[in-house]
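Asker: If you count the sequence shown from 1, position 412 lands on 1232 in the working numbering, and the numbers rise without skipping.
The structure under discussion is supplied below as structure tokens; questions concerning it will follow.
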Amino acid sequence: MEQGEGSGSKPSDEIWSKLVPSDSRYSDVELWSDEAEIRSEVKVSSFEKEGWCKITRNLDLSSAMLQNNSSNVISVDGTDVQTKDTIMIRCGSEIIPGPASEGYLSYRFKVMPMNESAKKVLKISLDSDHAKCSICLNIWHDVVTVAPCLHNFCNGCFSEWLRRSQEKHSSVLCPHCRAVIQFVGRNHFLHNIEEEILQSDSSLRRSDKELAALNSYALIKSPFVIDNGKKSRRKRSRLQPEEDSNVVDLSCAQCGMEYAGFQCNQNTVHLQCHACGGMMPSRTNIRVPQHCLGCDRAFCGAYWHSQQVTRSDTHHMCALETFKPIAERTLTIIPFLAHERNRHEQDITERCILQMGKTLQNVVSEWITKLNNREIDRTRMPLNHTEMITAETHICNDCFDKLVSFLLYWFRISLPKYLLPGDALQREDCWYGYTCRTQHHNEDHARKRNHVCRPTRGSIGN
């Protein structure tokens, strides 16, 4: 059989571990990749496979992290693991994918012996002292990076520093090196390092009460430019009361005039719209969203519409269409991102929809309803905050394309085979399914193999 290439978690040439069932009637579950979704039998006397957890290999190569992806409590060495919680497992750990008293299978986690060549891995050592916020002197929490000096701080700590600096009407200086800060944004890469450090040494973790207080101060949701009171050719500055000029170049409409009962003051923190580059006040006490829940970027269209502000030569603001609720969106063509950008699969999906006598909008609306009713597994949804997303959620155009691509995958994978075109029905599944990289550069492979399927190589089979 022709093979594709797995993407995401790279499959190894050997099985690195397996789940060995206590009942010999069932097969071992072999793990080939460093991160694998487990789909196997979970109950005694039932040979039906279900997805129930994700196992991620640790850097020490002898242990792993198990995440509960089922609706049941999973028992690991006698410890209950709730839905979406994680726990470390080692060779010999006993795993039960549900309450033992209700007839669930028991599995034993077994790490396979490695060749010497397989033991060579790149390890990056980071002293925890180098991962501390210089304001609170604790390990970063929701780390943000400032520019141009590139120092890192807790979101809550820096937000308080920003607020106090602006109260004094002074330039915002880096708390670490005193350089003037021009830009600040969340650092997702360092956030992962932050989590790794806290997992390896729980004594560095702060209490829930401390973290809740820190989160309440956090203002930085998306990257934005800090106004230090200086004019620039590239950025529109706020109106200064003492300026005697007939031409006013405002970065934010509410900096110079009151709209809907609100006007910015010297302490107002501003957000820069990702779509148009315009500025708007950051307001946490209103119901109108200012950030896309799918990507955390700021968009100003919905906010200015709620404030009844219209676009002018002096105020940049994006169109309402760039940021609106999922349920209010329409589409007529399949997004370029759909089916991993495989145009052959996109064509098959389009033909299936036409054969059913429906439109693309009909199908997407049906699956948005299913999503809203929580009838779809959201594990692979390529958006942030997946559990919070509903039909009424505001998202940007990019995130809507990603959501539609995700829903069209579920449409195709749930479609009865008799509804597929004849030429599509005759194709064999690619071993790597939707993770196949070969489909992107090999037209013959993309056409001959079905890629709207789950991987059976480089990930746990179904």
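For glycine and all other residues, C-beta sits at the position ideal for the given N, C-alpha and C.
Predicted, not measured: the structure shown is a model, and the values here were computed from it.
Counting along the chain, where does the beta strand (DSSP E) carrying residue 1016 start and finish?
Answerer: Where residue 1016 is concerned, there is no enclosing beta strand (DSSP E), although the alpha helix (DSSP H) it sits in stretches over 1008 to 1020.
Asker: With DSSP as the reference, identify every bridge partner of residue 839, one or two as the case may be.
Answerer: BP columns for residue 839 point to 849, 929.
Asker: Can you give me the C-alpha to C-alpha distance between residue 1097 and residue 1137, rounded to a whole angstrom?
Answerer: In a straight line, the C-alpha of residue 1097 is about 8 Å away from that of residue 1137.
Asker: Starting from the C-beta of residue 1095, find all residues in its chain whose C-beta is less than 6 Å away, skip the five residues before and the five after it, and write them out in chain order.
Answerer: Excluding residues within five positions, the ones whose Cβ falls inside 6 Å are 1119, 1138, 1142.
Asker: Between residue 999 and the rest of its own chain, which residues show a CB-CB distance below 6 Å, the 5 nearest in sequence each way excluded?
Answerer: Excluding positions up to five away in sequence, the list reads 969.
Asker: Let me check one thing: in DSSP terms, what residues is residue 1100 bridge-paired to?
Answerer: Partner(s): 1091.
Asker: Using only the alpha-carbon positions, how far apart do residue 1037 and residue 927 sit?
Answerer: Roughly 45 Å separates the two Cα atoms.
Asker: In this structure, does DSSP put residue 1208 in helix, strand or coil?
Answerer: Looking at residue 1208 - three-state DSSP - the assignment turns out to be helix.
Asker: What are the boundary residues of the beta strand (DSSP E) that residue 895 is part of?
Answerer: Here the beta strand (DSSP E) through residue 895 covers 894 to 896.
Asker: Spell out the partners DSSP gives residue 1139 in its beta bridges.
Answerer: Bridge partners of residue 1139: none, in fact.
Asker: By Cβ distance below 6 Å, which residues in the same chain neighbour residue 1153 in space, the five residues on each side in sequence not counted?
Answerer: Nothing listed; no residue qualifies.
Asker: Quick one, which of 971, 992, 878 has its alpha-carbon nearest residue 981's?
Answerer: Nearest C-alpha to residue 981: 992.
Asker: Mind checking who residue 899 pairs with in its DSSP beta bridge?
Answerer: Answer is 896, bridged to residue 899.
Asker: Apart from the five residues on each side of it in sequence, which residues of its chain come closer than 6 Å, Cβ to Cβ, to residue 1210?
Answerer: Hits under 6 Å: 1192.
Asker: Can the beta-carbon of residue 876 be found less than 8 Å from the beta-carbon of residue 854?
Answerer: It is a contact, given that the beta carbons lie within the stated cut-off.
Asker: Starting from the Cα of residue 1197, find the closest Cα among 1175, 1242, 871, 867 and give me that residue.
Answerer: When only C-alpha atoms are compared, the closest one is 871.
Asker: Around the C-beta of residue 1064, are 16 or more other C-beta atoms found within 10 angstroms, so that it is buried, or is it exposed?
Answerer: Bear in mind that a pLDDT of 37 at residue 1064, under 50, signals an unreliable position, so the model cannot answer this.
Asker: Look at residue 1091 and residue 1172 and say whether their C-beta atoms are less than 8 Å apart.
Answerer: Result no, Cβ atoms of residue 1091 and residue 1172 do not sit closer than 8 Å.
Asker: Taking the C-alpha atoms as reference points, what is the distance between residue 1144 and residue 838?
Answerer: Between residue 1144 and residue 838, the C-alpha separation is close to 46 Å.
Asker: Could you spell out the range, first to last residue, of the beta strand (DSSP E) harbouring residue 1214?
Answerer: Where residue 1214 is concerned, the enclosing beta strand (DSSP E) stretches over 1214 to 1216.
Asker: On the CB-based measure, 16 or more other CB atoms within 10 Å of its CB, does residue 1108 come out buried or exposed?
Answerer: Looking at its Cβ environment, which holds fewer than 16 other Cβ atoms inside 10 Å, residue 1108 is exposed.
Asker: Just to confirm, are residue 975 and residue 1006 a CB contact at a threshold of 8 Å?
Answerer: Yes.
Asker: Assuming contact is defined by CB atoms lying nearer than 8 Å, are residue 1040 and residue 1004 in contact in what I supplied?
Answerer: Going by C-beta atoms, residue 1040 is nearer than 8 Å to residue 1004.
Asker: How many Å lie between residue 1195 and residue 1149 at the Cα?
Answerer: Cα to Cα, the separation comes out at about 21 Å.
Asker: Taking all protein chains shown into account, do 16 or more other C-beta atoms lie within 10 angstroms of the C-beta of residue 1079, making it buried, or fewer, making it exposed?
Answerer: Classification of residue 1079: exposed, given that the 10 Å Cβ count is below 16.
Asker: CB-CB under 6 Å to residue 916, same chain, minus the five flanking residues each way: which ones, in chain order?
Answerer: Within the same chain, residue 916 has close Cβ partners 895, 924, 926.
Asker: From this set, 1023, 1074, 1167, which residue's C-alpha is nearest residue 1267's C-alpha?
Answerer: Here the closest residue by C-alpha is 1167.
Asker: Buried or exposed: residue 861, going by 16 or more other Cβ atoms within 10 Å of its Cβ?
Answerer: The residue is buried, with at least 16 neighbouring Cβ atoms inside 10 Å.
Asker: To the nearest angstrom, how far is the alpha carbon of residue 1123 from that of residue 1110?
Answerer: Going from the Cα of residue 1123 to the Cα of residue 1110 covers about 6 Å.
Asker: Inspect the CB distances between the stretch 1231 to 1250 and the stretch 1201 to 1220 and report whether three or more fall short of 8 Å.
Answerer: Touching, no, given that fewer than three Cβ pairs across the two stretches are closer than 8 Å.
Asker: Report yes if the C-beta distance between residue 881 and residue 873 is below 8 Å; otherwise report no.
Answerer: Going by C-beta atoms, residue 881 is not nearer than 8 Å to residue 873.
Asker: Compute the beta-carbon to beta-carbon distance between residue 1271 and residue 1162, rounded to the nearest angstrom, for a pair I have assumed lies under 8 Å.
Answerer: The Cβ separation is near 6 Å, so the contact holds.
Asker: Are residue 840 and residue 930 close, meaning C-beta to C-beta below 8 Å?
Answerer: Their beta carbons are under 8 Å apart, which means residue 840 touches residue 930 by this criterion.
Asker: Any idea what DSSP makes of residue 952, helix, strand or coil?
Answerer: Three-state DSSP puts residue 952 in a strand.
Asker: Mind checking which residues open and close the beta strand (DSSP E) that includes residue 872?
Answerer: It spans 869 to 877 - the beta strand (DSSP E) in which residue 872 sits, taken as one unbroken run.
Asker: Applying the criterion that 16 or more other CB atoms from any shown protein chain within 10 Å of the CB defines a buried residue, is residue 1237 buried or exposed?
Answerer: Classification of residue 1237: exposed, given that the 10 Å Cβ count is below 16.
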